[in-house]
Ligand code: UD1
Ligand code: CA
């Protein structure tokens, strides 16, 4: 027997008006990744051909889809006339005759490859249509699965078209459908728009198939996997569900996280072994935490790599391009951007280090600022191994501080400093003996102070 081929059609052409936002719905993000990015990640895992249906003038959605899964074929649904109409926008791909056709919605981001595979297995075992159902806590807005007394799926009724009795049905349509390639086009071409919204509903495929005597089946899954995102509130609910999933995976991987509900993760956050994450930490996209590192409370990290045994926070900010090697210490109110700290380097308090390299075991004093931006260009600061930057120093880039050099506190450093040197760049202190005593003696006399 030859292996079954698969075409997955991802629908992303809806206007998303209920989001009340100017950006396309499917580009809203959860856990740092767009809704369509999540869907394409799951679709990519099962393999096969992938078609994405977008609306007219949705170049940004096309670009996001291309980045998420480079092999996608794009189809444009010129007019938004419903989910079945959208599927038929991919007619050329359907006409190639795949064994299995999967239809997934780009606004249902938590779907897993495992469930997509279950739908395909249902086709392989003889079904012509398999629909994914679930029992949401609040069914409003979802289509209802109508099952006859023998347990066979006979129709899906959209809420707007449902009778009061049908609305009481708990089993809802998750939006995912698998159709056998043999009959898919014949079914889809029979769908009409005789309904409350005057749209071509994909959901009508079920009643049509049942009427043709074809085998229709419903599978069930958990609500958290198929939450549809139509509103900002549902976006937040999908985010919460995904955060629960990501935190569970982090715990499974051995991350010590005693207040998981306060930790915000991204879909691509990576943890090594024996990592500790204290309460109230936010991970943006692109963060890797290596073995034994500790991320203390109230830290915010994005695009950063934290090396083995390093300590970050509390109240630290690692921005894109922050690279910390082994055992680096980054303390409170330190911001790091595009900068590498070699092993054992420390910046324990109140500093901004941007566009810089910091040598091994170098010490950055409190209040150190790399002045990397001249209003036009960014410039680099290079700090050698073992250098000691005194507190409240301004390093005006481009500038190099040699190995083991000292910078006196409060210096403004504008020229390179050689290895092993001391550099001072501050006003010399002057002391006026007895000045304060003379001032006090004069107070109240009406005369000018000295
Ligand atoms: C749809 C289902 C409903 C199900 C729910 C699950 C239909 C008719 N209804 O309702 O039974 O319970 O999803 O979340 O299928 N789209 C297009 N072109 C269009 C219309 C929609 O590409 O012309 C896309 C949207 O971008 C979206 C998806 O299809 O990704 C679903 O459309 P949406 O309008 O959100 O359908 P729901 O009302 O949520
Ligand atoms: Ca929807």
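In our numbering, the protein residues as written are 915 to 1364.
Beta carbons: idealized from backbone N, C-alpha and C, even for Gly.
Relative to the alpha-carbon of residue i, which residue among the options has its alpha-carbon at the smallest distance?
| i | options | result |
| --- | --- | --- |
| residue 1072 | 1064, 1000, 1056, 947 | 1056 |
| residue 1097 | 1171, 945, 1128 | 1128 |
| residue 1197 | 989, 935, 1246, 944 | 944 |
| residue 981 | 1010, 1024, 951 | 951 |
| residue 1284 | 1174, 1314, 1259 | 1314 |
| residue 1123 | 1164, 1094, 1065, 967 | 1094 |
| residue 1316 | 1280, 1325, 1337 | 1337 |
| residue 1229 | 1024, 1249, 1223, 1051 | 1249 |
| residue 971 | 929, 920, 919, 1108 | 929 |
| residue 1130 | 1070, 1158, 1147, 1083 | 1070 |
| residue 1155 | 1191, 1125, 1181, 1357 | 1181 |
| residue 1033 | 1083, 1356, 1254, 1092 | 1092 |
| residue 993 | 969, 1006, 984, 1008 | 969 |
| residue 1260 | 1234, 1076, 1246 | 1246 |
| residue 1263 | 1220, 1109, 1282, 1356 | 1282 |
Quick check: does the Cβ of residue i come within less than 7 Å of any heavy atom belonging to ligand 2?
| i | result |
| --- | --- |
| residue 1142 | yes |
| residue 1019 | yes |
Just reading off the beta strand (DSSP E) that residue i is part of, what are its end residues?
| i | result |
| --- | --- |
| residue 977 | Unbroken run through residue 977 is the alpha helix (DSSP H), 973 to 982; no beta strand (DSSP E). |
| residue 925 | 920 to 926 |
| residue 1096 | Unbroken run through residue 1096: none, as it is neither H nor E. |
| residue 1263 | 1260 to 1272 |
| residue 1130 | 1130 to 1134 |
| residue 1248 | 1243 to 1255 |
| residue 932 | Residue 932 -> no beta strand (DSSP E), and no H or E assigned at all. |
| residue 987 | 987 to 990 |
| residue 1295 | 1295 to 1297 |
What residue range does the alpha helix (DSSP H) around residue i cover?
| i | result |
| --- | --- |
| residue 1025 | Neither: residue 1025 is in no alpha helix (DSSP H) and is coded neither H nor E. |
| residue 1153 | 1146 to 1166 |
| residue 1079 | 1078 to 1081 |
| residue 1117 | Per DSSP, residue 1117 belongs to no alpha helix (DSSP H) and is neither H nor E. |
| residue 959 | 949 to 960 |
| residue 1365 | Coverage of the chain is limited to positions 915 through 1364, which leaves residue 1365 absent and any answer about it impossible. |
| residue 1328 | Unbroken run through residue 1328: none, as it is neither H nor E. |
| residue 1008 | 1005 to 1008 |
| residue 1352 | 1349 to 1356 |
| residue 998 | 997 to 1002 |
Is there at least one non-hydrogen atom of ligand 1 closer than 7 Å to the beta-carbon of residue i?
| i | result |
| --- | --- |
| residue 1223 | no |
| residue 1072 | yes |
| residue 1000 | yes |
| residue 972 | no |
| residue 994 | yes |
| residue 1116 | yes |
| residue 1045 | no |
| residue 1285 | no |
| residue 991 | yes |
| residue 884 | A question about residue 884 goes unanswered here, because the residues of the chain that appear run from 915 up to 1364. |
| residue 943 | no |
| residue 925 | yes |
| residue 1088 | yes |
| residue 1106 | no |
Measure the beta-carbon distance from residue i to residue j and round it to whole angstroms, keeping in mind my assumption that it falls under 8 Å.
| i | j | result |
| --- | --- | --- |
| residue 1085 | residue 1120 | Residue 1085 to residue 1120, Cβ: 13 Å. No contact. |
| residue 948 | residue 978 | 5 Å |
| residue 1300 | residue 1275 | 5 Å |
| residue 1323 | residue 1279 | 7 Å |
| residue 1331 | residue 1319 | 5 Å |
| residue 1311 | residue 1294 | 6 Å |
| residue 1159 | residue 1174 | The pair is not a contact, with the Cβ atoms about 11 Å apart (cut-off 8 Å). |
| residue 1215 | residue 1232 | 4 Å |
| residue 1030 | residue 957 | 7 Å |
Using a threshold of 7 Å, is the CB atom of residue i nearer than that to any non-hydrogen atom of ligand 3?
| i | result |
| --- | --- |
| residue 1022 | Here the bound small molecules are ligand 1 and ligand 2; ligand 3 is not part of this structure. |
Next on the checklist: Three Cβ pairs or more, each shorter than 8 Å: is that satisfied between the region 1019 to 1032 and the region 915 to 927?
Outcome noted: yes
Next on the checklist: Is it the case that the region 977 to 997 contacts the region 1057 to 1066, given that we only count it when at least three CB pairs across the two stretches are under 8 Å?
Outcome noted: no
Item to check | Inter-stretch contact (C-beta, 8 Å, three-pair minimum) for the region 1202 to 1218 and the region 1185 to 1193 | outcome: yes
Next on the checklist: Does the structure place the region 1137 to 1147 close enough to the region 1107 to 1119 that three or more beta carbon pairs sit under 8 Å?
Outcome noted: no
Item to check | Validate contact between the region 1006 to 1017 and the region 954 to 970 using beta carbons, cut 8 Å, 3 pairs | outcome: yes
Next on the checklist: Within 8 Å, do at least three Cβ pairs link the region 1077 to 1091 to the region 1039 to 1047?
Outcome noted: yes
Checklist entry - With a cut-off of 8 Å, do at least 3 Cβ pairs link the region 1144 to 1151 to the region 1166 to 1175? => result no
Next on the checklist: So, does the region 1103 to 1114 touch the region 995 to 1005, judging by three or more C-beta pairs under 8 Å?
Outcome noted: yes
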